[in-house]
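Before any comments, here is the structure.
The structure is reproduced here in structure tokens:
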């Protein structure tokens, strides 16, 4: 028998550092398997990096398309369409701001139902055509609008004539507007209202299907439809002259914002289905009133004895821009809270409810400082 000598200590230490088992032979199979494993690891790492870059690129594209691009387009459409429509009513901006509330919210109900069914069919294995359906609805709307525009008679008025020029001017002094009685209270209140106004309808399905409520996403869809349907009905009621003379748009707006914040609080502590439906319907009633009257309330806060100001549409457009930026900030903060905080849905709803209540109270203070001596009914 061969006399096996013990391995020197320095050789054993070298093999142990290199991860080599001294009792196993270093054959070609072992080397081949190690090489194949290394190649597989390299391939997986490259695929992971490529997938991460692809997901990041797709997320960046979606963020830009659904964020700044879509938001800018919607803001421009809402503001410009309201101003153009008011030009057909002698620039009576408060009048036209209450129009089309029922039609717009009813369209939101129809669009929500279609998108909901499309996403459900997609989960069942059908082709993903939810976004294609949304694009088709938008294209059909644009075709109808373009067809109606072609039916109009062209205006042959020369640009230098007085009839051609729209009687709308920018304010002469923004500092003077800020120094008006109650304005410094109204602007922060207005922005706080829009900060928390869209948290409920935007994140309702996500919040209701969270771990605390133990609800299916379909329950959130039913609650969202209840919100939009109730908002469509209330939009028609608060715009009626009889209702506005009874309570007044400013008083209605203040009460609606305060109670909208209060109506979302029970859902945080009692997350069952019927409580969700009840809170959603109540919030929808108040949401329709706020969206219908917010521009009319803005037009009410003008200093002076005149009932009409040539800079009123410009002021309202500025307030709409401030409200839109505040709403965007509220949605982004809510998304951050839901993503990075445990039990974030409760925190998000409480913050939005507090913003609505505080904003309504600030507008109430502005109304008391501006027009406490008379009853506002327009």
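In the UniProt record's numbering, the protein residues as written are 1 to 378. Using N, Cα and C, we set each Cβ at its ideal position, and we do this for glycine too. None of these values were measured; they are calculated from a predicted model.
Along the segment 218-274, the alpha helix (DSSP H) occurs as fully enclosed runs of 4 or more residues at 241-246, 249-263 and 266-269, listed in sequence order. Of the candidates 191, 143 and 208, the residue whose Cα lies closest to the Cα of residue 325 is 191. For residue 244, the closest alpha carbon among the candidates 232, 286, 296 and 220 is that of 296.
Residue burial is scored here from C-beta neighbours: residue 205 has at least 16 other C-beta atoms within 10 angstroms and is therefore classed as buried. Contact between residue 196 and residue 208 does not hold, since their C-beta atoms are separated by about 18 Å, which reaches or exceeds 8 Å. Here the C-alpha atom of residue 103 lies approximately 17 Å from the C-alpha atom of residue 224. Taking C-beta atoms as the reference points, residue 334 and residue 141 fail to come closer than 9 Å. Secondary structure at residue 117: helix, using DSSP grouped into helix, strand and coil. Taking the Cα positions, residue 319 is about 10 Å away from residue 294. Comparing alpha-carbon positions, the option among 118, 252, 278 and 188 lying closest to residue 133 turns out to be 118. In the same chain as residue 365, and ignoring 5 residues on each side of it, the C-beta atoms closer than 7 Å to its own belong to 185, in chain order.
In this structure, 298 is the residue among 178, 298 and 235 with its C-alpha nearest to the C-alpha of residue 193. Here DSSP, grouped into helix, strand and coil, assigns residue 345 to helix. A straight-line Cα-Cα distance of about 9 Å links residue 254 and residue 362.
Taking a C-beta distance under 9 Å as the contact criterion, residue 85 and residue 314 do not qualify as a contact pair. Residue 248 is classed as buried because its beta carbon has at least 16 other beta carbons within 10 Å across all chains shown. For residue 259, same chain residues with a beta-carbon under 7 Å away, outside a window of 5 residues either side, are 286 in chain order. In this structure residue 234 is in contact with residue 288, their Cβ atoms being roughly 3 Å apart against a cut-off of 8 Å. Looking from the CA of residue 357, the closest CA among 226, 264 and 277 belongs to 264. Here residue 339 carries a helix assignment [DSSP, helix/strand/coil]. Approximately 5 Å separates the beta-carbon atoms of residue 231 and residue 105; this is inside 8 Å, confirming the contact. Judged by DSSP secondary structure, residue 69 falls outside any alpha helix (DSSP H); it is assigned neither H nor E.
About 13 Å separates the Cβ atoms of residue 330 and residue 338, ruling out a contact at the 8 Å cut-off. Put simply, the backbone Cα of residue 89 is about 44 Å away from that of residue 120. Under the three-state reduction of DSSP output, residue 100 falls in the coil class, being neither helix nor strand. Less than 9 Å divides the Cβ of residue 97 from the Cβ of residue 82. The C-beta distance from residue 146 to residue 200 rounds to 35 Å, too long to fall under 8 Å, and the pair is not in contact. At a Cβ-Cβ threshold of 9 Å, residue 175 and residue 251 do not count as neighbours. Taking the Cβ atoms as the reference, residue 189 lies roughly 12 Å from residue 261, outside the contact range of under 8 Å. Counting C-beta atoms within 10 angstroms of its own C-beta, residue 173 has fewer than 16 neighbours from the protein chains shown and is therefore classed as exposed. Exposure of residue 113 is indicated by the presence of fewer than 16 other C-beta atoms within 10 angstroms of its C-beta. In the three-state scheme derived from DSSP, where H, G and I count as helix and E and B as strand, residue 92 is classed as coil. Per the coordinates, the alpha-carbon of residue 279 lies some 15 Å from the alpha-carbon of residue 352. Taking C-beta atoms as the reference points, residue 290 and residue 256 count as a pair closer than 9 Å.
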